[in-house]
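Participant: Sending over a structure as structure tokens; questions will come in a sec.
Residue numbers (full-length UniProt numbering): 1 to 142.
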């Protein structure tokens with residue numbers, strides 16, 4: 001009898017290669033963002049898409065705060081259209097980063113999501129800029 005894992009057959013290797021390769025063109029992780037920032041190789045704009053109050057409680061160092069609802073041609077006018085945006089929200093329980101990615105892509109900008117968001121950043125042990133007090137979760141505040 002097959003296990004719960006193998007009850008549904010895995011995709012053929014060629015399909016798996018295509019799928020996982022495509023995911024990498026849409027996502028990056030906290031570790032790669034951190035390493036790029038530390039090496040001074042940030043060839044992207046890191047955007048915290050939560051609200052200003054949540055951003056003030058703690059955010060990834062180097063991030064700019066543009067809440068996803070405020071992303072527009074006007075708010076992005078200073079950025080060339082070939083600027084790569086990396087967006088994040090509170091964590092996997094929040095769809096603010098997805099909303100921001102849709103908005104940025106609809107405006108013609110390349111975009112990736114930093115998977116894990118702020119929760120993933122903290123899980124990796126990376127420091128926050130302007131951290132809040134104690135172990136409170138700033139939440140989404142989107």
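Positions of the beta carbon are idealized from the N, C-alpha and C atoms, including for glycine.
Owing to the predicted nature of the structure, the values given are computational and were not obtained by experimental measurement.
If I measure Cβ to Cβ from residue 127 and keep anything under 6 Å in the same chain, skipping five residues before and after, which residues do I get?
Facilitator: So the list is empty, once near-sequence residues are dropped.
Participant: Near residue 11, what residues of its chain come up, given a Cβ to Cβ distance below 8 Å and the 5 sequence neighbours on each side ignored?
Facilitator: Excluding sequence neighbours, residue 11 sits near 19.
Participant: What first and last residue would you give for the alpha helix (DSSP H) that runs through residue 27?
Facilitator: Premise fails: residue 27 lies in the beta strand (DSSP E), 27-29, not in any alpha helix (DSSP H).
Participant: Please name the residue or residues paired with residue 154 in a DSSP beta bridge.
Facilitator: No information on residue 154 is available, as it lies outside the stretch 1 to 142 that the chain covers here.
Participant: Take the Cβ of residue 41 as the centre, count every other Cβ of all protein chains shown within 10 Å, and call the residue buried at 16 or more, exposed below.
Facilitator: Label assigned to residue 41: exposed.
Participant: Label residue 125 either buried or exposed according to how many other C-beta atoms from any shown protein chain fall within 10 Å of its C-beta, with 16 as the threshold for buried.
Facilitator: Residue 125 comes out exposed.
Participant: So which of 83, 108 and 2 has the shortest CA-CA distance to residue 46?
Facilitator: The shortest Cα separation from residue 46 among 83, 108 and 2 belongs to 83.
Participant: What is the residue span of the beta strand (DSSP E) that residue 87 lies within?
Facilitator: It spans 85-88 - the beta strand (DSSP E) in which residue 87 sits, taken as one unbroken run.
Participant: So, is residue 74 buried or exposed, given that buried needs 16 or more other C-beta atoms within 10 angstroms?
Facilitator: The residue in question, residue 74, is exposed, as its Cβ has fewer than 16 Cβ neighbours within 10 Å.
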